[in-house]
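Protein chains: 2
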Amino acid sequence: MASNTRKVRIGDVEIGGGNPVAVQSMTNSKTENIKETVAQIKELEEVGCEIVRVAVPNRKAIAAIPKIKKNIKIPLIADIHFHWEYAVEAIEAGADKIRINPGNIGKLDLVAKVIEKAKEKDIAVRIGVNSGSLHPKYSKEKDIAKALVKSCIEYVNFCEKLKFKNLVLSVKSSSVIDSINAYRMLASETNYPLHLGITESGSLMSGTIKSSVGLGVLLASGIGDTIRVSLSADPVHEVHVAFQILQALGLRSYGPEIISCPTCGRCDIDVIPVVEEIEKQLMKVRVPIKVAVMGCVVNGPGEAREADIGVAGGKKEGVLFKGGKALRRISTSNMAEELMAEIKKLIEDIEKTKEKE
Amino acid sequence: MASNTRKVRIGDVEIGGGNPVAVQSMTNSKTENIKETVAQIKELEEVGCEIVRVAVPNRKAIAAIPKIKKNIKIPLIADIHFHWEYAVEAIEAGADKIRINPGNIGKLDLVAKVIEKAKEKDIAVRIGVNSGSLHPKYSKEKDIAKALVKSCIEYVNFCEKLKFKNLVLSVKSSSVIDSINAYRMLASETNYPLHLGITESGSLMSGTIKSSVGLGVLLASGIGDTIRVSLSADPVHEVHVAFQILQALGLRSYGPEIISCPTCGRCDIDVIPVVEEIEKQLMKVRVPIKVAVMGCVVNGPGEAREADIGVAGGKKEGVLFKGGKALRRISTSNMAEELMAEIKKLIEDIEKTKEKE
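In order, the protein sequences belong to chains F and Z.
Going from the first sequence to the working numbering is simple: count from 1 and add 116.
Going from the second sequence to the working numbering is simple: count from 1 and add 116.
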């Protein structure tokens with residue numbers, strides 16, 4: 117995917133140039149609250165987050181950067197608006213990349229100071245243009261997508277004049293359509309790695325839908341080198357959702373996939389609680405197995421047979437399938453437990469085999 | 117969208133041929149439990165569901181069809197597997213459309229009997245091929261998408277020989293990629309209206325992600341005339357998610373859009389509970405207004421200004437925006453209430469204006 121983009125390094129993570137699409141998130145603690153910020157980043161690391169961004173709105177946040185970095189494993193990006201000095205100081209404090217929205221920094225000679233410092237320290241800069249903070253000179257452009265791209269390209273050209281190409285670009289809008297159009301345009305005009313996101317996309321559910329649609333459409337056409345799902349919710353959800361979008365498109369493997377029927381009047385077993393229980397217990401498992409929980413005989417045995425492990429409902433009992441074959445009948449009363457016990461065995465076997473290899 | 121597909125009528129709903137993409141769902145009550153099934157369909161109608169499907173696995177369910185129909189407003193589809201007689205009887209009982217998976221009906225002369233009855237009563241038939249129940253003769257085809265399409269087209273050709281073209285087609289897989297590939301192939305080979313879905317897509321969250329990605333990719337390229345989001349969850353969610361996917365792509369207008377920031381270390385107000393409260397209160401509102409809830413000054417005033425109404429956080433208080441202008445400062449302690457009061461006024465004004473027109 118996106119294999120024709122430039123390779124850019126962020127700490128020890130490479131994006132672009134055919135690397136797997138990297139998943140990032142952003143903390144919502146006050147950055148200067150080092151304990152809380154580190155704790156949040158550790159939670160994010162645990163669910164697979166590969167790059168993390170923190171807001172840097174003041175000098176206390178800058179001072180926190182080296183202390184946070186000492187306690188985390190993944191690269192840290194400093195997010196800066198308005199103050200070019202903060203960007204320069206954040207780079208000096210050890211940020212692995214900075215994100216600026218040049219429109220919020222102001223005059224180009226101030227942007228130049230930031231770029232010179234990034235060049236000196238050899239770190240990447242994301243030019244993150246955003247529909248909510250477009251430069252006033254684009255306020256009359258009716259096509260938001262075009263305005264976002266024009267503004268972004270203008271800054272790219274400026275950076276290139278300074279002989280700086282260590283760039284990642286984003287053109288986020290809170291409108292899914294504007295975002296899709298903007299990224300498509302940008303991808304056709306540059307080969308810098310693209311950071312995808314639908315900005316201010318809303319609550320856990322609404323934001324997940326908007327992000328899955330928007331990022332899904334772009335990723336499916338080969339656009340995107342790193343993604344962030346923005347949700348007004350615990351950032352841990354952002355990572356889960358991001359990986360599930362990538363897994364749906366076969367771009368990353370994240371964890372077990374649960375194939376479960378939507379239940380209908382044909383259902384012989386109570387699928388929903390079984391699915392919820394299995395999903396909860398598999399939340400931290402990263403082995404990419406397929407688990408089927410199916411309510412009846414219509415697609416049940418078919419899906420269960422295709423899955424690594426699964427159960428299909430029957431009149432009084434269910435049938436447990438493993439490796440494509442019916443293993444045994446199980447009672448509908450403790451289906452989740454029985455299925456989970458078999459899943460655990462399967463995961464152990466897979467891990468043992470891996471160790472041997 | 118999909119304006120070059122044939123028009124097909126389901127009760128009083130038309131799909132295909134440039135009609136808006138219709139949203140459907142399926143009950144999960146026992147169909148023969150008329151009271152429960154009607155109650156569930158009324159709930160679905162209330163959230164905007166336009167077509168509903170019920171499972172018809174036995175003769176009690178067939179007998180329930182006329183009684184259910186008397187109590188609901190939207191067209192009813194009978195979902196039939198295995199028994200061709202049930203399909204014939206469901207049509208006689210007044211189903212507005214039937215869905216069959218011919219591979220589950222069996223021999224073609226039995227399928228013919230169903231088609232002849234549909235022709236007689238002038239109702240549409242969905243040929244719903246499914247990865248979990250593919251005809252055994254395709255079991256060796258490695259490309260599931262190709263197998264789904266081949267099987268579907270085979271039945272389409274058979275129906276056309278019987279001079280029956282009142283068809284809707286689906287080729288669902290639990291794999292997002294297989295589904296995308298199958299529908300793309302199918303759309304290039306036929307002009308029948310397509311019913312999109314990712315089958316057995318999983319729990320509320322996982323299924324929402326897989327469906328949003330899969331249906332999003334297809335809808336964005338103009339494929340799809342009616343959609344069903346399959347979730348192992350209350351079917352009401354299926355309708356909400358379906359409309360939000362369509363709204364994200366500008367294909368349908370469903371209700372208020374909440375633009376809200378993901379919160380970060382820069383946040384001056386507690387965005388998440390405000391968003392949750394506003395979203396809850398607007399759940400049943402169908403006026404397509406844009407509401408912004410933004411935590412700080414970076415994109416806050418920008419987004420709030422572009423929205424119909426919004427709030428942007430500040431150091432001690434927020435600023436309420438309406439129609440692009442700052443209206444007044446509001447305290448951060450009762451932000452949700454103040455914002456909601458203004459939203460209600462706005463909705464009343466919009467509805468009054470509508471009445472006058």
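Cβ atoms here follow ideal geometry from the backbone N, Cα and C, with glycine treated the same way.
Every value quoted in this text rests on a predicted model; they were computed, and no experiment measured them.
{"query": "Is M117 of chain Z close to chain F? Criterion is C-beta to C-beta, closer than 8 Å.", "result": "Caution is warranted here: a pLDDT of 47 is assigned to M117 of chain Z, below 50, making its placement in the model unreliable, and no coordinate value can be reported."}
{"query": "Taking just the CA atoms, how far does I181 of chain F sit from K158 of chain F?", "result": "15 Å"}
{"query": "Less than 8 Å between CB atoms is the rule here; does V137 of chain F satisfy it with respect to chain Z?", "result": "no"}
{"query": "If you measure from the beta carbon of Q360 of chain F to each beta carbon in chain Z, is any gap under 8 Å?", "result": "yes"}
{"query": "So what does DSSP say about R382 of chain F, is it helix, strand or coil?", "result": "coil"}
{"query": "Restricting to Cα atoms, I'd like to know which of Z:P389, Z:R368, Z:S369 and Z:L365 is closest to S376 of chain Z.", "result": "Z:P389"}
{"query": "How long is the line joining the alpha carbons of V427 of chain F and V355 of chain Z, rounded to whole angstroms?", "result": "27 Å"}
{"query": "Is there at least one Cβ from chain F nearer than 8 Å to T143 of chain Z's Cβ?", "result": "yes"}
{"query": "From M117 of chain F to P173 of chain Z, what distance separates their C-alpha atoms?", "result": "Note on M117 of chain F: pLDDT 48, under 50, position unreliable in the model; no value is reported."}
{"query": "What whole-angstrom Cβ distance do M142 of chain Z and P378 of chain Z have, given they're in contact under 8 Å?", "result": "Going by Cβ atoms, the distance from M142 of chain Z to P378 of chain Z rounds to 34 Å, so no, they are not a contact pair."}
{"query": "Using only the alpha-carbon positions, how far apart do G381 of chain F and E201 of chain Z sit?", "result": "18 Å"}
{"query": "Name the chain F residues that come within less than 7 Å of S249 of chain Z, Cβ to Cβ?", "result": "V414, N415 and G418"}
{"query": "Just to confirm my understanding: we take D424 of chain Z, look at its own chain, exclude 5 residues before and 5 after, and list those with CB closer than 8 Å. What are they?", "result": "I405, K406, V407, K438, G439 and L462"}
{"query": "Using a Cβ-Cβ cutoff of less than 8 Å, which residues in the same chain neighbour E467 of chain F once the five nearest sequence positions on both sides are dropped?", "result": "V403"}
{"query": "Any beta carbon from chain F within less than 8 Å of L285 of chain Z's own beta carbon?", "result": "no"}
{"query": "Using a Cβ-Cβ cutoff of less than 7 Å, which residues in the same chain neighbour V292 of chain Z once the five nearest sequence positions on both sides are dropped?", "result": "I314, K326, V329 and G330"}
{"query": "For a cutoff of 8 Å on Cβ pairs, would you count A336 of chain F as touching chain Z?", "result": "yes"}
{"query": "Taking only beta carbons into account, state which residues of the region 319 to 345 of chain F come closer than 9 Å to chain Z, listed in chain order.", "result": "S319, L320, M321, S322, G323, T324, I325, K326, S327, S328, V329, G330, L331, G332, V333, L335, A336, S337, R344 and V345"}
{"query": "What's the C-alpha gap between E395 of chain Z and G323 of chain F?", "result": "12 Å"}
{"query": "In chain order, what residues of the region 200 to 220 of chain F put their CB closer than 9 Å to some CB of chain Z?", "result": "N217 and N220"}
{"query": "Of the residues that make up the region 380 to 393 of chain Z, which ones have a beta carbon closer than 7 Å to any beta carbon in chain F?", "result": "C380, G381, R382, C383, V387, I388, V391 and E392"}
{"query": "Please compile the residues from chain F whose C-beta is within a distance smaller than 8 Å of the C-beta of D424 of chain Z.", "result": "Here the premise fails: no neighbours, minimum Cβ distance about 13 Å."}
{"query": "Rounded to a whole number of angstroms, what is the C-alpha to C-alpha distance between P417 of chain Z and K432 of chain Z?", "result": "15 Å"}
{"query": "Given the structure, does I466 of chain F come close to the ligand NAP, in the sense that its CB is under 7 Å from one of the ligand's heavy atoms?", "result": "Because no ligand of any kind appears in the structure shown, any question about the ligand NAP cannot be addressed here."}
{"query": "If I follow the unbroken alpha helix (DSSP H) through A480 of chain Z, where does it start and stop?", "result": "Nothing can be reported for residue 480 of chain Z, as the shown portion of chain Z is limited to 117 through 473."}
{"query": "Checking 8 Å against the spacing of the C-beta atoms, do I361 of chain F and G318 of chain F come in under that value?", "result": "no"}
{"query": "Do L367 of chain Z and I339 of chain Z have their beta-carbon atoms positioned less than 8 Å apart in this structure?", "result": "no"}
{"query": "What does S290 of chain F touch in chain Z if you count any residue whose Cβ is under 7 Å from its own?", "result": "I375 and E419"}
{"query": "Among all the DSSP beta bridges, which residues are the ones paired with E433 of chain Z?", "result": "Z:S447"}
{"query": "Considering M142 of chain Z, what are the terminal residues of the beta strand (DSSP E) in which it resides?", "result": "A138 to M142"}
{"query": "Would you report the Cα separation of V124 of chain Z and Y254 of chain F, rounded to the nearest angstrom?", "result": "45 Å"}
{"query": "Taking the alpha carbon of G430 of chain F as the point to measure from, which residue in F:K441, F:V154 and F:V409 has its own alpha carbon closest?", "result": "F:V409"}
{"query": "By how many angstroms is the C-alpha of L443 of chain Z removed from the C-alpha of Y308 of chain Z?", "result": "51 Å"}
{"query": "Spatial neighbours of S267 of chain Z within its chain, please: C-beta separation below 7 Å, excluding the five flanking residues on both sides.", "result": "G219, V245, L250, H251 and Y254"}
{"query": "So for H311 of chain Z, helix, strand or coil by DSSP?", "result": "strand"}
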